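Engineer: Got a structure for you, questions after.
What follows is the structure in structure tokens.
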């Protein structure tokens, strides 16, 4: 069975520092995609970054980067130089291909609070 | 500008009434989705559509049905709404190629209250 687990329910950081959040996943597929999304206070869900399982290099987009540890089935999100507007709920998600299904499996989210 | 739209944004209905939630996307994405989000439960997949008239049940399809007659438009229908269908509903779409769908783009959500 596929599963995505985010054990950190909330993290508080000071502005301009780095925050790291964890995500572990379970899958039987050899090929899969991992995603991070952000949900703002207004409810908007925004795609941030993707890691393809066959790529060894960690994905980076702007001040978001990933720590992909395939042997540990782990995909951490790192936000550097945090800003107040980075305060949000961050969801990890996975997609694997099975019988044509293309649904995302989401974790339960980590709430990040950035203080000035 | 890639965009997923949802209408209405807020809706209040009485139990037993029919509900129609509309979703549109301007990216020509093949695959579209309906989710609901409830506190503590995260995002739950209701239905997935692979293209026009090609729909499949998600994890919690009971009480819902969908319609997709145009690629850019995907509707969620609640026939005789129930109070436990009070939730925030999100539509999403994703680019699909070679059998793989990539990141999903979400609409702003519809907050539905069933009294």
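Chains as they are written, first to last, in the numbering used here: chain A, 100 to 215; chain B, 4 to 118. Beta carbons: idealized from backbone N, C-alpha and C, even for Gly. Remember, predicted model here, so these are calculated numbers, not experimental data.
Is the beta carbon of residue 174(A) less than 8 Å from the beta carbon of residue 109(B)?
Structural biologist: The answer is no: Cβ separation not under 8 Å.
Engineer: Whose CA, out of 116(A), 100(A), 115(A) and 121(A), lies closest to the CA of residue 171(A)?
Structural biologist: 121(A)
Engineer: What separation, rounded to the nearest whole angstrom, lies between the Cα atoms of residue 198(A) and residue 207(A)?
Structural biologist: At residue 198(A), the pLDDT of 44 sits below 50, so the modelled position is not reliable; the number obtained from the coordinates is stated separately. If I take the Cα positions, the gap works out to 25 Å.
Engineer: Determine, using beta carbons only, whether residue 227(A) comes closer than 8 Å to chain B.
Structural biologist: Nothing can be reported for residue 227(A): it is not among the residues displayed for chain A, which extend from 100 to 215.
Engineer: Straight-line CA distance for residue 12(B) to residue 112(A)?
Structural biologist: 32 Å
Engineer: Where does the unbroken beta strand (DSSP E) through residue 111(A) begin, and where does it stop?
Structural biologist: 109–113
Engineer: Using beta carbons (cut-off 8 Å, strictly below), is residue 20(B) in contact with chain A?
Structural biologist: no
Engineer: Check this for me: beta carbons of residue 15(B) and residue 79(B), under 8 Å apart or not?
Structural biologist: no
Engineer: Using the beta-carbon count (16 or more within 10 Å), is residue 194(A) buried or exposed?
Structural biologist: Per the 10 Å Cβ criterion, buried.
Engineer: Count the other C-beta atoms from every protein chain shown that fall within 10 angstroms of the C-beta of residue 183(A), then say buried if there are 16 or more, exposed otherwise.
Structural biologist: exposed
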